[in-house]
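Contents: one structure, followed by commentary.
In the working numbering, the protein residues as written are 5 to 412.
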């Protein structure tokens, strides 16, 4: 049985301005057999493959009189160490953990933590977080908490607690409460940034109330589904199922929209993976609804799949797929046998000849290949990490988006 390779594309973005991943392609992790070294973009070996693992180099910008430095994390005999751009050992491979942070590397050996500074000074971290010193500060907009307690059969108490910062920590104090009779009560959703809605069950039917006891939706529905898209009414919608009929309600509306009645929906509602994705199926086929109930994609397709956060969709009709972007109605008119959502901005699609391509957005092909790799995620510039197992645990090596593979 042939092993399937899994190709993952992961974009590394430096959090700290003092360092960044090596981005000149001068030092590319390269695997020969079971050992790793570094090569240039033409696969000329610059650092011999003698390591069990070799990560991308970190570039530390010149500062405070110190020159620019490039340092890589490598592994030998199960332990991690540090090398410079020439392969010189800066810290021997004797650490269980090695990670970069600002102008230091965080190293752990025998449960002791060390900081290796870019100025070649190594210090032991005695206590506290090995990288960041513990800091206690008052947070702005710290959230309130809601607790629902069953105080007796069929009777619940909703308690609102607000945090108070005192003596270096937050303590929650009760600020409001409501006793309510129901079969069950759950927190449903924050709304308007100041209050919270609660999902109630009475006689097997669902409704919504506020902490103040205001009934937002009477308990007459079989199901309630909140969608996180703000509608043209300036509020979120709730999809309600009653006697097999879907309706769209606006219980959080204010002002002139406060008493907007629910809108009926003709057809079956199905909810996609994205918070705001609402698929509609009727006798004609599959389509897409907005949170207002407006048809964004007509119900004429055999199948429909969300490829990117309700921005890009795959549309299947008569056995073939096309790809459409909603915000500008851009359509990739190429026909495909299959389309799949990948991590980040990437889409994989199977051409009619059976080959697969990796696409950025809907039209830029960046990695054609003959095998179906299992998953993709944004990685480092134009490089891909290629794994031999579906879980992304056994790394084969790195490849450029032009197809060049840096392993032998």
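Just so it is clear, CB atoms sit at the ideal spot from N, CA and C, and this is done for glycine as well.
- For residue 310, the enclosing beta strand (DSSP E) begins and ends at 307-312.
- Residue 287 and residue 271 have their alpha carbons spaced roughly 8 Å apart.
- Taking residue 38 as the centre and dropping the five residues before and after it, the same chain places the C-beta of 56 closer than 8 Å to its C-beta, in chain order.
- Contiguous alpha helix (DSSP H) elements confined to the region 20-84 do not occur, taking only those with 4 or more residues.
- Beta bridge pairing from DSSP links residue 224 with no other residue.
- Taking a C-beta distance under 7 Å as the contact criterion, residue 61 and residue 104 do not qualify as a contact pair.
- About 5 Å separates the beta carbon of residue 189 from that of residue 152, a gap short enough to meet the 8 Å contact definition.
- By the CB criterion at 7 Å, residue 254 and residue 191 fall outside the cutoff.
- For residue 366, there is no enclosing beta strand (DSSP E), as DSSP gives it neither H nor E.
- Within its own chain, the residues whose Cβ lies closer than 7 Å to the Cβ of residue 266, once the five positions on either side in sequence are excluded, are 244, 251, 252 and 253, listed in chain order.
- For residue 275, the closest alpha carbon among the candidates 302, 230 and 301 is that of 230.
- The alpha-carbon separation between residue 148 and residue 331 amounts to approximately 36 Å.
- Counting along the chain, residue 298 sits inside no beta strand (DSSP E), nor does DSSP assign it H or E at all.
- By the 16-neighbour rule on beta-carbons within 10 angstroms, residue 369 is exposed.
- Counting along the chain, the unbroken beta strand (DSSP E) around residue 214 starts and ends at 209-214.
- In the structure shown, residue 318 adopts extended strand secondary structure according to DSSP, grouped into three states.
- Check the Cα spacing between residue 302 and each of 333, 165, 323 and 186: the tightest is with 333.
- Rounded to the nearest whole angstrom, the C-alpha separation of residue 259 and residue 299 is 26 Å.
- Taking a 10 Å sphere around the C-beta of residue 219, we find fewer than 16 other C-beta atoms and assign the residue as exposed.
- Beta-bridge partners of residue 167 (DSSP): 176.
- Straight across, the Cα-Cα distance linking residue 225 with residue 182 is about 23 Å.
- Ranking 326, 296, 43 and 247 by CA distance to the CA of residue 264 puts 296 first.
- Looking at the backbone, the Cα of residue 85 and that of residue 240 are separated by about 52 Å.
- The Cβ atoms of residue 342 and residue 328 do not sit closer than 7 Å to each other.
- A check of alpha carbon separations from residue 228 across 217, 184, 273 and 257 identifies 273 as the nearest.
- Residue range 267-269 is occupied by the beta strand (DSSP E) that includes residue 267.
- Taking C-beta separations shorter than 6 Å and ignoring five residues to either side along the sequence, the partners of residue 121 in its chain run 108, following chain order.
- Cβ-Cβ separation between residue 306 and residue 321: approximately 6 Å, consistent with a contact (criterion under 8 Å).
- In terms of CA proximity to residue 366, 339 leads the group 161, 98, 32 and 339.
- In the three-state scheme derived from DSSP, where H, G and I count as helix and E and B as strand, residue 259 is classed as helix.
- The beta carbon of residue 35 is closer than 6 Å to those of 401 and 411 in its chain, skipping five residues each way along the sequence.
- CA-to-CA, the gap between residue 98 and residue 119 works out to about 14 Å.
- Going by DSSP, residue 250 is part of the beta strand (DSSP E) stretching over 249-253.
- Taking the C-beta atoms as reference points, residue 304 is found no nearer than 7 Å to residue 318.
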